[in-house]
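S.K.: Got a structure for you, written out below as structure tokens; questions coming shortly.
Protein chains: 2
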Amino acid sequence: MQPLPGFRDFLPHECATRNYIFTKWREVARRYGLVEWEGPVLEATELYRKKSGDEIVGQLFNFVDKGEREVSLRPELTPTLARVVAAHEREFKKPIKWFSIGQFFRYEKQQRGRLREHFQLNCDIIGETDFSADVELIALCIDILRAFGLTEKDFVVRISDREFWTDFLRQQNFPAEQWDAVLQAIDKSEREPREKSAEKLGPLADPIFSILDDGGQSEKLDRLVDGLGARDLAQYVDIDVRIVRGLAYYTGTVFEVFDRAGKLRAIAGGGRYDNLIGNLSDGSVSQPALGFAMGDVVLGELIKETSTAREKMGNAIAAANKIDIYIVIAKEERRSDALAQIQHLRDRGYRVDYPLTVTKVAKQFQTAEDLGAGLALLYGDEWPQVKIKELATREESRAPHDRLLDKVSKFFNVSAPH
Amino acid sequence: MQPLPGFRDFLPHECATRNYIFTKWREVARRYGLVEWEGPVLEATELYRKKSGDEIVGQLFNFVDKGEREVSLRPELTPTLARVVAAHEREFKKPIKWFSIGQFFRYEKQQRGRLREHFQLNCDIIGETDFSADVELIALCIDILRAFGLTEKDFVVRISDREFWTDFLRQQNFPAEQWDAVLQAIDKSEREPREKSAEKLGPLADPIFSILDDGGQSEKLDRLVDGLGARDLAQYVDIDVRIVRGLAYYTGTVFEVFDRAGKLRAIAGGGRYDNLIGNLSDGSVSQPALGFAMGDVVLGELIKETSTAREKMGNAIAAANKIDIYIVIAKEERRSDALAQIQHLRDRGYRVDYPLTVTKVAKQFQTAEDLGAGLALLYGDEWPQVKIKELATREESRAPHDRLLDKVSKFFNVSAPH
């Protein structure tokens, strides 16, 4: 009777919530000129091993299929993106600006905001090295969250730069093969006791702690903030060099989005990954790229905890689920006339419901209200006139069966109102 | 560089085609008052074994997960529906009218119109025994196909009734435990040599062939056609008792939709399955039910082969992918003014694109045309005026930067036109 642990059933209310999130994601991504694409949910395990090493396999839903292929339910989109871009990049003008909405899977211990599946929006810009693309991508991320009614009081984009740290390590003449370990230690420093980080950082502990305590100075990140300022979005970002992101493939700008209250996991994260497509395609195609991913679970939690955003979602869902017209069949002799009208109205795009079987008139009106209908049309004694009831005002009128459409379209004032 | 065999990458054009199909599915299902839900793509293998027996497992993407659970990528939605209805039916008024759009998987030999994954629309009505629900469901299936611009010349719904045959077998005093085998043989009779069917049908071969050759008479199916006639949809159906559908769980009305030319596999199929929810819930919940499924692959082929439907799809995709406004940056000094405008227009819901880097003006206009923009706004020497070009008519005008919105909204005549 239950779904598998970590998997969700989307009953109508949950499905409407999910669709609301998808609709906003799609709407804002398109305002930025991004076009939608999608990859398969099942891929060769090798694709993930190649990008993330053997450790990743422990977290995958991976198996051997009936054709002896090692396959996995995708944990993320970027390897598929790299595969598709490597195969098709010549067909598209650069920069390629793509978004995708799909489901992803990890075999993980369950905890709050962390299921075994979730939906994710991925937005990527491929083929542009210019810093303006970094600004554009972060602006998009902010505007998506703003579209849900979230403000700078509700979330913050913490922006950082991998190059800030690699420049520092280069200045310190620190051996390049140990850079990754240092970056990982900085990434974890917020969540670990200082002594533990100090131990990992070794001789660099003092200078790094002093940068971290101070917040760090970066001319490049200042430019990023200025670029967002030109769009009146600077208040949504904080420069924070503690962000380096765990994944080794980032090469420049990195960012993570958190709720201001600091109660939830990251809402979104991304950055520039200029070498990944080249690495995953064994050098056959080289394209600079940057992108971010945003999941539905943490975002959904933040919306529910933020009154304006919650109300906005509630209104949108109620409006989206409403039917337009309920046909009340008060006399069974009129059923086939009613059905002709129902067909006619549906053909015009209206959402129309009616009782499938003989039902008391009062109960039919109750159902009309429950379904959020704007109008009820009653087929009964008035025939060949039809009684029209506006459910919000309880105002009643009549019109001939064969001239109802005028009245209906006047009421909704557009051809299909939902 | 390739997806797994039988899996599709959805590049922007394919993704737009898929979204077009989803949008129409959703739109028409909602006109009928159905509400959307969705289940998980991974389920316990037992759920499918219970419904379809051990044979089904051979066709599944099934595996043992890291928690030692036997799990499968779902091959169909109905078992999940039965599970969810059994767990939640008390929360919903009857009849429950639900639809769902999702991806399904089978490990099968590849052939035309038969991949290893496809998307499917499922529409179900639960909790209604009355025959009016059967008519409503078939009308919905027809109207969905009509919404794609397909007509009675392009497809036909072949309707039949399991009870027609079970009544016949009862009259013949044929042993009930052999009914399934006879029904299977009738189902296959169209695709098998007559001798082979005759062998399977044994003593019933003659009377059954005589019914099949004659087409069969059924008062109930006549009523179904009459019900559709009241909606002016009778021309879309043929009574055809050769349809019994392979799946053993159907109990009454069954139907399959084919292209009139008979070139493609079934476009959709369904019927009444009054005992399935009871069986799958071990009798804890009993609900009459009926439903159908329609896949994206065969439907997509039929649309592509039908000129009106293909044109309709092409127009819808082009309109859906258009941007509204392209901002031409003719002088780099104006970039940050242009960016403020871009932000402003996007906030109003317009789809706006612009060059991320210094680009020749002629090339920018070319990109504006390629992206289907309605307007180009040029930031250059005219500052603080902005040059406005209507791309379809090449008509030019000017307006002050800070009063552009009036002009723009007048051009699109709505707040956001895509």
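In order, the protein sequences belong to chains A and B. Numbering of the first sequence is given in the working numbering, commencing with residue 1 and proceeding in unit increments. Numbering of the second sequence is given in the working numbering, commencing with residue 1001 and proceeding in unit increments. Quick reminder that beta carbons are idealized off the backbone N, C-alpha and C, glycines included.
#1: Using 8 Å as the Cβ pair cut-off and three pairs as the minimum, do the stretch 1144 to 1151 of chain B and the stretch 1165 to 1183 of chain B touch?
#2: Candidates PHE1063(B), ARG1026(B), VAL1035(B): which alpha carbon is nearest ALA1044(B)'s?
#3: Hey, could you find the ends of the alpha helix (DSSP H) SER1197(B) is sitting in?
#4: Does the Cβ-Cβ distance between PRO40(A) and GLU1076(B) come in under 8 Å?
#5: Do LEU121(A) and ALA318(A) have their C-beta atoms closer together than 8 Å?
#6: In or out: VAL358(A) buried (at least 16 other Cβ within 10 Å) or exposed?
#7: Of the residues ILE1267(B), ALA1362(B), TYR1107(B), ARG1394(B), which one's Cα is nearest the Cα of LEU1375(B)?
#8: So, with DSSP's three-state summary, where would you put ARG1265(B)?
#9: When burial is assigned at 16 or more other CB atoms within 10 Å of the CB, is PRO203(A) buried or exposed?
#10: Using a Cβ-Cβ cut-off of 8 Å, state whether ASP130(A) counts as contacting chain B.
#11: Counting only Cβ pairs nearer than 7 Å, list the residues of chain A close to PHE1063(B).
#12: Any residues in the stretch 298 to 327 of chain A with a beta carbon nearer than 8 Å to a beta carbon of chain B? Which ones, in chain order?
#13: Would the stretch 1194 to 1202 of chain B and the stretch 1222 to 1232 of chain B be scored as touching if the rule is three or more Cβ pairs under 8 Å?
#14: Please name the residue or residues paired with THR253(A) in a DSSP beta bridge.
#15: Kindly indicate which residue of ILE1144(B), THR1078(B), ASP1161(B), ASP1240(B) has the alpha-carbon position closest to the one of ILE1125(B).
#16: Sort out for me which residues DSSP pairs ASN1122(B) with in a bridge.
#17: Express the C-alpha separation of SER160(A) and THR251(A) in angstroms, rounding to a whole number.
#18: Using alpha carbons as the reference points, say which of ARG1158(B), THR1166(B), GLN1287(B), SER1284(B) lies closest to LEU1443(B).
#19: Give me the subset of the stretch 1030 to 1045 of chain B whose CB atoms are less than 8 Å from a CB atom of chain A, sorted by chain position.
#20: Would CYS141(A) pass as an interface residue toward chain B - the criterion being a Cβ-Cβ separation below 8 Å?
#21: Interface residues of chain A around MET1294(B) at Cβ under 9 Å?
#22: Have a look at the DSSP bridge pairing and note the partners of TYR379(A).
#23: Could you name the residues that DSSP lists as bridge partners for GLY270(A)?
#24: Would you verify that the beta carbon of GLN366(A) is, or is not, closer than 8 Å to some beta carbon of chain B?
#25: How would you list, in chain order, the residues of chain B whose beta-carbon sits under 7 Å from the beta-carbon of PRO75(A)?
#26: In the DSSP output, what is ASP353(A) paired with across the bridge?
#27: For GLN217(A), is the classification buried or exposed, using 16 other Cβ atoms within 10 angstroms of its Cβ as the cut-off for buried?
#28: Looking only at its chain, what residues have a beta carbon closer than 7 Å to the beta carbon of ARG162(A), apart from the 5 residues adjacent to it on each side?
#29: Based on Cα-Cα distance, which residue from LYS1051(B), ASP1065(B), ASN1275(B), ARG1346(B) lies nearest to ILE1325(B)?
#30: Got a sec: is the Cβ-Cβ distance from ASN19(A) to anything in chain B below 8 Å?
#31: Find out if the Cβ-Cβ distance for the pair SER1422(B), SER1197(B) is shorter than 8 Å.
#32: What's the call for LYS24(A), buried or exposed, on a 16-neighbour Cβ count within 10 Å?
#33: Between LYS1066(B) and chain A, is any beta-carbon pair separated by less than 8 Å?
#34: Which same chain residues end up closer than 6 Å to LYS964(B) when comparing Cβ atoms and leaving out the 5 residues on each side of it in sequence?
#35: Can you pull the chain A neighbours of HIS1088(B), defined as C-beta to C-beta under 7 Å?
#36: Cα separation between ASN19(A) and GLU1036(B)?
M.R.: Inspection of the coordinates gives the following:
#1: Segments in contact, no.
#2: Ranking the options by Cα distance to ALA1044(B), first place goes to PHE1063(B).
#3: First-last of the alpha helix (DSSP H) with SER1197(B): 1194 to 1201.
#4: No, these two residues do not count as a Cβ contact at 8 Å.
#5: With a cutoff of 8 Å on beta-carbon distance, LEU121(A) and ALA318(A) are scored as not near each other.
#6: With fewer than 16 other Cβ atoms within 10 Å, it is exposed.
#7: Closest by alpha carbon: ARG1394(B).
#8: If DSSP states are grouped into helix, strand and coil, ARG1265(B) belongs with coil.
#9: With fewer than 16 Cβ atoms within 10 Å of its Cβ, PRO203(A) is classed as exposed.
#10: Judged by the 8 Å Cβ criterion, ASP130(A) is in contact with chain B.
#11: Correct list: PHE63.
#12: Hits within the stretch, in order: ASN321, ILE323.
#13: With a cut-off of 8 Å, the stretch 1222 to 1232 of chain B and the stretch 1194 to 1202 of chain B do not count as touching, because too few Cβ pairs lie within range.
#14: Beta-bridge pairing links THR253(A) to ASP161(A).
#15: Closest in alpha carbon position to ILE1125(B), among ILE1144(B), THR1078(B), ASP1161(B), ASP1240(B), is THR1078(B).
#16: SER1100(B), ALA1293(B).
#17: One C-alpha to the other measures close to 11 Å.
#18: In this structure chain B extends from 1001 to 1418, so residue 1443(B) is not present and cannot be described.
#19: Look at the stretch 1030 to 1045 of chain B: the residues with a C-beta under 8 Å from a C-beta of chain A are ARG1030, ARG1031, TYR1032, GLY1033, VAL1035, GLU1036, TRP1037, GLU1038, GLY1039, PRO1040, VAL1041, LEU1042, GLU1043, ALA1044.
#20: Closer than 8 Å to the CB of CYS141(A) there is not a single CB belonging to chain B.
#21: From the beta-carbon of MET1294(B), no residue of chain A is found nearer than 9 Å; the closest lies around 18 Å away.
#22: DSSP output for TYR379(A) lists ILE329(A) as bridge partner(s).
#23: Its beta-bridge partners are PHE255(A), PHE292(A).
#24: No, because no Cβ of chain B sits closer than 8 Å to the Cβ of GLN366(A).
#25: Here the premise fails: no neighbours, minimum Cβ distance about 13 Å.
#26: According to DSSP, which records beta bridges pairwise, ASP353(A) is partnered with TYR326(A).
#27: Label assigned to GLN217(A): exposed.
#28: Cβ contact annotation for ARG162(A) (same chain, cutoff 7 Å, sequence separation greater than five): VAL244, TYR250, THR251, GLY252, VAL254, in chain order.
#29: Nearest to ILE1325(B) by C-alpha distance, out of LYS1051(B), ASP1065(B), ASN1275(B), ARG1346(B), is ARG1346(B).
#30: At least one chain B Cβ lies under 8 Å of ASN19(A).
#31: With chain B running from 1001 to 1418 in the structure shown, residue 1422(B) is simply not present.
#32: With 16 or more Cβ atoms within 10 Å of its Cβ, LYS24(A) is classed as buried.
#33: For LYS1066(B), the nearest CB of chain A lies under 8 Å from its own CB, placing it at the interface with that chain.
#34: Only positions 1001 to 1418 of chain B appear in the structure, and residue 964(B) is not among them; the question remains open.
#35: Chain A residues near HIS1088(B): LEU11.
#36: If you take the alpha carbons of ASN19(A) and GLU1036(B), they lie about 9 Å apart.
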